[in-house]
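In our numbering, the protein residues as written are 4 to 293.
Beta carbons: idealized from backbone N, C-alpha and C, even for Gly.
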Ligand code: AMP
């Protein structure tokens, strides 16, 4: 496995593969890898001839009061795990490599970046869109895999790729959960034992709402209340938002008359957790699919 720390090195590796006619799959991450990340790596290993994983805790997507300095980092063990999985290259750039002195260009994806996490993390998706654009330009992958856990990020990247005619196929991977339903996240390591227990309310709430939709409820207020009720029953959790939106535009749905994304963000103590579920209206569901 190639462990590249410079743009020049990874660019050369990818260029050689492209010249040999090989399809390159790319999984961008901030490291502290867990099974959510490795499930995306598996998709790339399956779909592409060569797989590159980047590990970069991107400062431009963190707000001033956010956890950039505390964010968990363990690049050596991440690289070892990726090597064992059969990943072909890891790109582990420094901050200076990604943002050399004088760097001053940012990518803003309007509309999709507003609302939900965008409202509470100003500048977050500008940072995400910028770093992904730079990474796509360096690696020029044929496909890039993103997790549905970060549903708004996925929508932002899809729009970015479409609008800027970036020549990369965006592939979405399903949310990987703990046995009790909590979505895996590098930030789960911040949770105390009690917070961790109570955090299971996010997915319980989402499933409750899905159940209501299955019974024919289509009003967003009812679905959102079901999620809020589960969260509010846990003293250490406080909801930041619960929204039912169109999964591509992130605009609120007035009725569940097509596929909706029910998305939630909460604080468990000082740790911010997000989760979501895609819900189809009853008439769109396949016979017997429940
Ligand atoms: P991060 O390292 O948090 O920036 O995440 C890197 C990629 O892993 C993003 O595409 C995330 O959506 C994805 N990801 C994180 N957690 C999960 C999860 N539990 N299930 C699926 N994908 C995930």
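Check                                                                                                                    : Outcome
Buried versus exposed, by CB contacts within 10 Å (16 or more), residue 291                                              : With a pLDDT of 49 at residue 291, under the threshold of 50, the modelled position of this residue cannot be trusted, and the question is left open.
Coarse secondary structure for residue 61, derived from DSSP in three states                                             : coil
Span of the beta strand (DSSP E), counted from its first residue to its last, around residue 32                          : 27 to 32
Rounded separation between residue 242 and residue 204 - CA only                                                         : 11 Å
Residue 202: CB within 6 Å of a non-hydrogen atom of the ligand AMP                                                      : no
Touching by the beta-carbon criterion (3+ pairs, under 8 Å), the stretch 104 to 124 and the stretch 245 to 259           : yes
Start-end ranges of the alpha helix (DSSP H) lying completely within the stretch 222 to 250, minimum 4 residues          : 223 to 235
Residues near residue 64 by beta carbon distance below 6 Å, same chain, minus five either side                           : 127, 130 and 131
Sequence ranges, beta strand (DSSP E) only - wholly within the stretch 157 to 215, length at least 3                     : 172 to 176
Proximity of residue 148 and residue 174 at Cβ, strictly below 7 Å                                                       : yes
Nonlocal neighbours in the same chain, by C-beta distance under 8 Å from residue 168, ignoring five residues either side : none
Exposure of residue 197, with buried meaning 16 or more beta-carbon neighbours within 10 Å                               : exposed
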